[in-house]
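Participant: Can you read through this structure? Questions will come right after.
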Amino acid sequence: MIQPRFYYILWIAVFSQAILAQDEELSFTLDRQETKSVVTLHSIKKFPCRNYRMDTRDYENADTIIIIIRDFIPPTPCDGPRDVAKEQFILQPSAKRFYLKLWYKGKYDKWRIFQLDTAYLVRPEGVTFSSYTEPIK
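Quick note, this note's numbering runs 338 ahead of the 1-based positions in the sequence shown.
This is the structure:
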């Protein structure tokens with residue numbers, strides 16, 4: 339017979355895992371286009387049609403790039419298959435090492451980014467809702 343204490347411990351473990359689980363809502367890629375670095379944000383959620391955009395504000399402050407995601411904007415007309423929302427940001431060509439902060443729904447994620455010769459090294463520093471994806475070549 340299983341002891342009631344076992345159920346209690348199991349319930350705490352499952353509950354704690356649910357609370358601490360990452361609620362991923364956005365993904366981003368970093369890519370080079372000619373001499374410029376480009377951040378592309380993608381929603382994880384698929385919207386009813388393609389070409390949804392993000393209502394964003396972006397700021398640069400010393401070695402930090404802040405992107406605030408305010409809402410998602412439907413295209414007019416809304417047609418085509420379901421797709422994710424996307425938005426691109428062109429970074430300063432001199433930025434070799436910087437922080438990327440993403441604000442969404444009252445939370446923010448912080449990423450440390452190093453620009454190497456042909457790629458990027460991306461490290462999470464306090465991440466709750468976003469993820470980094472390598473660009474497809």
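C-beta: ideal position from N, C-alpha, C; glycine also. Quick caveat: nothing in here was measured; it's all calculated off a predicted structure.
With H, G and I counted as helix, E and B as strand and the rest as coil, what does DSSP make of residue 445?
Facilitator: Strand.
Participant: Out of 364, 373, 470, state which residue places its alpha-carbon closest to the alpha-carbon of residue 429.
Facilitator: Closest by alpha carbon: 373.
Participant: Would you list the one or two residues that DSSP bridges to residue 378?
Facilitator: Residue 378 is bridged to 367, 426.
Participant: At a cut of 8 Å, does the region 403-422 reach the region 454-474 through at least three beta carbon pairs?
Facilitator: Verdict: no, contact absent.
Participant: If I measure Cβ to Cβ from residue 367 and keep anything under 8 Å in the same chain, skipping five residues before and after, which residues do I get?
Facilitator: Result list for residue 367: 377, 378, 380, 470, 471, 472, 473, in chain order.
Participant: Under 9 Å, do residue 419 and residue 388 count as touching if we go by C-beta distance?
Facilitator: Yes, Cβ-Cβ distance for residue 419 and residue 388 is below 9 Å.
Participant: Are the beta-carbon atoms of residue 437 and residue 468 separated by less than 9 Å?
Facilitator: No, these two residues do not count as a Cβ contact at 9 Å.
Participant: Answer yes or no: do residue 446 and residue 412 have a C-beta to C-beta separation smaller than 9 Å?
Facilitator: No, the Cβ-Cβ distance between residue 446 and residue 412 is not below 9 Å.
Participant: Tell me residue 415's beta-bridge partners as DSSP assigns them.
Facilitator: DSSP output for residue 415 lists no bridge partner at all.
Participant: Suppose contacts are defined by Cβ-Cβ distances below 9 Å. Is residue 363 in contact with residue 384 by that definition?
Facilitator: Cβ atoms of residue 363 and residue 384: not closer than 9 Å.
Participant: Going by DSSP, what residue range makes up the beta strand (DSSP E) through residue 397?
Facilitator: Residues 391-399.
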